[in-house]
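Undergrad: Heads up, the sequence shown is in this note's numbering, so the first residue is 25 and it goes up one at a time. Cβ atoms here follow ideal geometry from the backbone N, Cα and C, with glycine treated the same way.
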Amino acid sequence: MSIQPAQESDFHAIVRLLDETALPHADLTPEHLAHFLVARDGDTVVGVVGMEARGDAALLRSLAVAADRRGGGWASRLVDALEARARESGIRTLYLLTTTAEGFFARRGYQSAERDAVPDAIRATEEFRGICPASAVCMARPLVPMAEPVPVS
Ligand SMILES: CC(C)(COP(=O)(O)OP(=O)(O)OC[C@H]1O[C@@H](n2cnc3c(N)ncnc32)[C@H](O)[C@@H]1OP(=O)(O)O)[C@@H](O)C(=O)NCCC(=O)NCCS
25 MSIQPAQESD FHAIVRLLDE TALPHADLTP EHLAHFLVAR DGDTVVGVVG MEARGDAALL
85 RSLAVAADRR GGGWASRLVD ALEARARESG IRTLYLLTTT AEGFFARRGY QSAERDAVPD
145 AIRATEEFRG ICPASAVCMA RPLVPMAEPV PVS
């Protein structure tokens, strides 16, 4: 299995996986996939995670691993890879909403955050505005920027 950028041709497989895992996808379009990663076993998509970037903040969303592949560290690898890409593209804080995986993210350094403390641009995403239940916990994680190259004098 490997982790790769999602292709637009993965769209239906990703929607199926989100559907099977009861995660919201009503707002998802093929254009979103430019910021999505998939775990692939051969031709089969067995895991997914994505982000919606807004300035230097981003919403981490749509983390799902197929039921028969769980417990093998794939969600952890997907989140590691997404965080690395977020860092590379200048994202300083990742936000997310979850009803099911608070413990998973807490172990990865995400902390509960008041929704009022979330930047307006993140709160304006469809996931925040309605499709995620109001009972979902909001979490945030600051990303340490990649080391700046030391100037040579
Ligand atoms: C949550 C989910 C993505 C985890 O996938 P996974 O590939 O099994 O996760 P990993 O194998 O990387 O798990 C890493 C660790 O987190 C723990 N963990 C996994 N899911 C967890 C959860 N929901 N809550 C708390 N801890 C969890 C694992 O037990 C494992 O612990 P260990 O290192 O002590 O063995 C998967 O269960 C899933 O798709 N669930 C349905 C969709 C969902 O809830 N997504 C989250 C939306 S925000």
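Taking a cut-off of 5 Å, which residues have a beta-carbon closer than that to any heavy atom of ligand 1, in chain order?
TA: Qualifying residues, in the order they occur: T45, L87, A88, V89, R94, G95, G97, W98, A99, S100, T122, T124, A125, G127, F128.
Undergrad: Need the endpoints of the beta strand (DSSP E) that F60 sits in, please.
TA: Where F60 is concerned, the enclosing beta strand (DSSP E) stretches over 60 to 65.
Undergrad: So, for A50: in the same chain, excluding its five sequence neighbours on each side, which residues have a beta-carbon less than 8 Å away from its beta-carbon?
TA: Contacts found: E150, I155.
Undergrad: Please go through the same chain and pick out, in chain order, the residues whose beta-carbon is closer than 8 Å to the beta-carbon of R132, but skip the five residues on each side of it.
TA: Around R132: S100, V103, R165.
Undergrad: Using alpha carbons as the reference points, say which of V70, D92, L106, C162 lies closest to G34.
TA: Per the sequence shown, the amino acid found at residue 34 is Asp instead of Gly. Here the closest residue by C-alpha is V70.
Undergrad: Considering I27, what are the terminal residues of the beta strand (DSSP E) in which it resides?
TA: Element bounds for I27: 26 to 29.
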